[in-house]
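Our numbering puts the first residue of the sequence shown at 202, with every later residue one more than the last. Even glycine gets a Cβ: it sits at the ideal position worked out from N, Cα and C. Because the structure is a prediction, the values reported are computed rather than measured.
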Amino acid sequence: MITQPMIITFIILIIATALFIQGKYRADLIALGSLLVLTILGILTPEEAVSGFSNSAVIMIAGLYIVGAGIFDSGLARSIGQALIRFGGESEKKLMFLIIIIVSLCSAVLSNTGTVSVLLPVIVSVAFQLHMNPSRFLLPLTFASSIGGLLTLIGTPSNLIVSEALGKQGFEKLSFFDITGVGLVAVLAGLLFMMTIGQTLLPRYIHLSQ
202 MITQPMIITF
212 IILIIATALF
222 IQGKYRADLI
232 ALGSLLVLTI
242 LGILTPEEAV
252 SGFSNSAVIM
262 IAGLYIVGAG
272 IFDSGLARSI
282 GQALIRFGGE
292 SEKKLMFLII
302 IIVSLCSAVL
312 SNTGTVSVLL
322 PVIVSVAFQL
332 HMNPSRFLLP
342 LTFASSIGGL
352 LTLIGTPSNL
362 IVSEALGKQG
372 FEKLSFFDIT
382 GVGLVAVLAG
392 LLFMMTIGQT
402 LLPRYIHLSQ
């Protein structure tokens, strides 16, 4: 049976989703605003509203962002990325292979968004130097960052949330490498696809002016 609180919650969810898509306001403000509205309307109690901030998964995700920011801001990730991508030379297939492997491994322990943001300008620069369409590398970059999150427990926030949910239901939580086997299969399948059929679906070469 559909109740009034369910309808109100659904409406708030739709509004929040629309604001997320619009991108005009900060995501954290939208999320906190939705939480505040649910609390004011009595759908959530104050205890329920703040309980999530003490969740171990939330705390771990926050810690990962701090560690990841330190690695990126120190220049370590950029230096490693530039060196490895430079190793690819002028071979498109070799460069694409390195991009997928590097990004997948970085995304396994760091923020997917952070990994992409650091390597994106490097990859674009290399594409321009080789007179190639940057999209031929940026699309695999995006796919690899998502697939790489399946390699470890901390690869993506959803893994931590699932692990926490299992613990609350009385099941054993996921360990750090419990999903690595599945992640490796996904990475290898994605690598195989992008190195074969995927290349035929990517934008072709373009001649860039010097």
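By how many angstroms is the C-alpha of L220 removed from the C-alpha of F338?
Their Cα atoms are separated by approximately 30 Å.
Can you look up F378 in the DSSP assignment and give me helix, strand or coil?
Here F378 sits in coil by DSSP.
Count the other C-beta atoms from every protein chain shown that fall within 10 angstroms of the C-beta of H408, then say buried if there are 16 or more, exposed otherwise.
Residue placement at H408 is flagged as unreliable, the pLDDT there being 49, under the threshold of 50; the coordinate-derived value follows with that caveat. Under the 10 Å beta carbon count, H408 is surrounded by fewer than 16 other beta carbons and is classified as exposed.
With the cut-off set at 8 Å, would you say L351 and G384 are in Cβ contact?
For L351 and G384, yes; Cβs fall inside 8 Å.
Select from I231, L321 and A309 the residue whose C-alpha is nearest the C-alpha of I355.
Of the listed residues, the one whose Cα sits closest to I355 is A309.
Classify Q242 as helix, strand or coil using the three-state DSSP reduction.
The displayed chain sequence assigns Leu, not Gln, to residue 242. If DSSP states are grouped into helix, strand and coil, L242 belongs with coil.
Starting from the N-terminal side, write out each stretch of the alpha helix (DSSP H) that is 4 residues or longer and does not extend beyond the stretch 281-365.
For the stretch 281-365, whole alpha helix (DSSP H) runs of length 4 or above, ordered along the chain, are 293-310, 313-330 and 336-349.
Excluding the 5 residues preceding and the 5 following I209 in the sequence, name in chain order all residues of the same chain whose CB lies nearer than 7 Å to its CB.
Cβ within range, chain order: L242 and I244.
Less than 7 Å between C-beta atoms, sequence neighbours within five positions excluded: which residues of the same chain meet that for I160?
For residue 160 there is no data in the structure shown, the boundaries of the chain being 202 and 411.
When we look at the beta-carbon of I215 and count the other beta-carbons within 10 Å, is it buried (16 or more) or exposed?
Only exposed fits I215, as fewer than 16 other CB atoms lie within 10 angstroms of its CB.
Excluding sequence positions up to five away, which residues of its chain have a Cβ less than 8 Å from the Cβ of S364?
Cβ contact annotation for S364 (same chain, cutoff 8 Å, sequence separation greater than five): A258, L354, K374 and L375, in chain order.
How should G264 be labelled, buried or exposed, when 16 other C-beta atoms within 10 angstroms of its C-beta is the threshold for buried?
Result: exposed.
By a C-beta neighbour count over all protein chains shown, 10 Å radius and 16 as the cutoff for buried, is T357 buried or exposed?
With 16 or more Cβ atoms within 10 Å of its Cβ, T357 is classed as buried.
Using C-beta distances below 7 Å, list every residue in its chain close to L403, excluding the 5 sequence neighbours before and after it, in chain order.
Residues of the same chain with a CB within less than 7 Å of the CB of L403, apart from the 5 flanking positions on each side, are S336, R337 and L340 in chain order.
For P206, collect the residues of the same chain with a Cβ closer than 6 Å to its Cβ; drop the 5 residues on either side in sequence, then sort them by chain order.
Contacts found: I244.
So, is A232 buried or exposed, given that buried needs 16 or more other C-beta atoms within 10 angstroms?
With fewer than 16 other CB atoms across the displayed protein chains lying within 10 angstroms of its CB, A232 is exposed.
Residue of V323, L393 and E291 minimising C-alpha distance to H332:
It is E291 whose Cα lies nearest to the Cα of H332.
Enumerate in chain order the residues of its own chain whose CB-to-CB distance from A345 is below 6 Å, with the five nearest sequence positions on each side excluded.
Excluding positions up to five away in sequence, the list reads I301, V304 and S305.
Within this structure, are the beta carbons of V317 and L296 separated by less than 8 Å?
No, Cβ-Cβ distance for V317 and L296 is not below 8 Å.
Is it buried or exposed, A390, if we count other Cβ atoms within 10 angstroms and call 16 or more buried?
The residue is exposed, with fewer than 16 neighbouring Cβ atoms inside 10 Å.
Classify A228: buried if its beta carbon has 16 or more other beta carbons within 10 angstroms, exposed otherwise.
Burial state of A228 is exposed, judged by a 10 Å Cβ sphere holding fewer than 16 other Cβ atoms.
Nonlocal neighbours in the same chain, by C-beta distance under 8 Å from Y226, ignoring five residues either side:
Scanning its chain for C-beta atoms nearer than 8 Å, with the 5 sequence neighbours on each side dropped, one finds around Y226 the residues L220, in chain order.
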